[in-house]
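Residues in the sequence shown are numbered from 2 upward in steps of one, following our numbering.
Where is the CB? At the ideal position from N, CA and C, for every residue including glycine.
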Amino acid sequence: MTGEGNKKKENQKKVILTGDRPTGRLHVGHYVGSLKRRVELQNSGEYDEIYIMIADAQALTDNADQPEKVRQNILEVALDYMACGLDPAKSNLFIQSQIPELTELTFYYMNLVTVSRLQRNPTVKAEIQMRNFEASIPVGFFTYPISQAADITAFDATTVPVGEDQMPMLEQTKEIVHKFNSVYGEALVEPEILLPKNQACMRLPGTDGKAKMSKSLGNCIYLSEESDEIRKKVMSMFTDPTHIKITDPGKLEGNTVFTYLDAFSKPEHFEAFLPEYANLEELKAHYQRGGLGDVKVKRFLNEVLQAELEPIRVRRQELMKDVPYIYEVLKAGSEKAESVAAATLARVKKAMKINYFEDENLLKS
Ligand code: TRP
């Protein structure tokens with residue numbers, strides 16, 4: 002067994018799996034937190050297979066009474082993906098619920114996880130509080146980390162590019178993989194998380210400075226946002242409330258405009274829109290010294306965001322002209338994904354000794 006396991010590792014394929022819940026259009030937080038990186042990874046040519054999943058079944062775990070919302074946002078998310086540069090010729094885009102093998106894997110993995118372990122999952126804990134689920138947590142929602150382990154392992158994913166909030170899910174997945182492999186023999190591949198490169202990208206705040214971006218707070222900038230809206234949102238962004246006069250020294254900590262610049266600005270943006278500063282460090286130093294007004298910094302951020310988001314918005318509008326094509330991509334992607342997940346499920350069932358009718362020795366005995 003061990004020999005087989007090692008052999009598998011040597012010529013192990015490099016496989017990416019990641020995804021998003023279709024509960025709304027994607028925003029700039031998704032973009033810097035994961036989307037942009039996925040496109041870079043896709044275009045690096047270093048991966049043998051890439052699976053990008055629209056997690057509708059997971060979205061339903063806390064939106065059971067809103068099937069129409071989930072259904073409509075599948076298209077929105079697919080448009081956002083492709084507008085950002087995910088290319089169906091290189092990345093397999095698919096819909097979670099269309100792969101029944103994932104549910105079956107989840108059912109078997111449930112035997113390897115305890116209730117108290119799920120209760121300790123920090124992301125689940127925070128979400129339960131946020132949704133006021135304390136007294137009545139849907140079982141499906143409570144167990145979604147297990148289904149996420151199924152999503153990842155079904156494709157033998159080695160790399161999972163996600164935001165920091167998904168760290169507990171990856172940990173849970175690794176535990177399930179270890180447990181499975183030690184009880185039933187090496188059948189599952191252990192994944193690694195791939196986090197965003199800088200702190201600002203890891204946790205981009207809302208435009209009001211609040212940690213969580215949400216539709217109801219109106220503090221997100223969407224990838225599909227019109228240019229005017231972007232400008233309005235940037236100009237009303239939260240900065241340093243003690244920076245009142247231009248001559249006052251300004252603070253960078255908790256200053257949303259600078260956090261966004263950390264996440265988005267590149268040296269070429271300075272050349273194009275703010276040539277009197279060589280780079281972000283110089284701009285920050287001037288702000289801290291005093292003598293640099295918020296409006297000037299916001300105008301610069303607006304230029305940066307407009308430059309980054311315009312091509313995405315234009316491509317999205319183009320893609321929207323042919324919705325049937327988007328669904329064709331998702332259908333073909335789901336069919337491919339199902340065939341891969343079916344092979345994993347067969348391996349899992351064999352390891353668990355529940356492959357009765359495929360086992361010649363059993364049938365003959
Ligand atoms: N939980 C992820 C989110 O909320 C979506 C997701 C579901 C996912 N299954 C996954 C991400 C597997 C990475 C790997 O966005």
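beta-carbon residue i near the ligand TRP non-hydrogen atom, thresh 7 Å
i	result
G20	yes
V161	yes
Q307	no
Q149	yes
Q59	yes
M214	no
M238	no
D152	yes
M170	yes
Q167	yes
A56	yes
Start-to-end residues for the alpha helix (DSSP H) that takes in residue i
i	result
Y328	324 to 352
N93	Not the alpha helix (DSSP H): N93 falls in the beta strand (DSSP E), residues 93 to 96.
I129	123 to 131
L103	101 to 110
I194	That residue, I194, is in no alpha helix (DSSP H); its beta strand (DSSP E) goes 193 to 195.
I75	68 to 85
I313	295 to 320
M236	228 to 236
R118	116 to 120
P268	268 to 274
Y261	257 to 265
A201	200 to 203
Which of helix, strand or coil DSSP assigns to residue i
i	result
N280	coil
G34	helix
G141	helix
I17	strand
T3	Because T3 carries a pLDDT of 42, less than 50, the predicted location of this residue cannot be relied on, and the following value inherits that uncertainty. Helix, per DSSP.
M54	strand
K8	Residue placement at K8 is poorly supported in this model, since its pLDDT is 43, which falls under 50; the coordinates still yield a value, given next. Of the three classes helix, strand and coil, the one that applies to K8 here is helix, per DSSP.
H244	coil
Y223	strand
K365	helix
F358	helix
Residue i - containing beta strand (DSSP E), residue span
i	result
P169	No beta strand (DSSP E) holds P169; the alpha helix (DSSP H) holding it covers 168 to 185.
P162	160 to 162
ask   = If you pair each beta-carbon of the region 229 to 241 with each one of the region 180 to 200, do three or more pairs fall below 8 Å?
value = no
ask   = Does the region 258 to 276 touch the region 50 to 69, meaning 3 or more C-beta pairs lie closer than 8 Å?
value = no
request  = May I ask you to verify whether the region 47 to 54 touches the region 277 to 288, counting CB pairs closer than 8 Å and requiring at least 3?
outcome  = no
ask   = Would you call the region 72 to 84 and the region 117 to 127 touching, i.e. three or more CB-CB distances under 8 Å?
value = no
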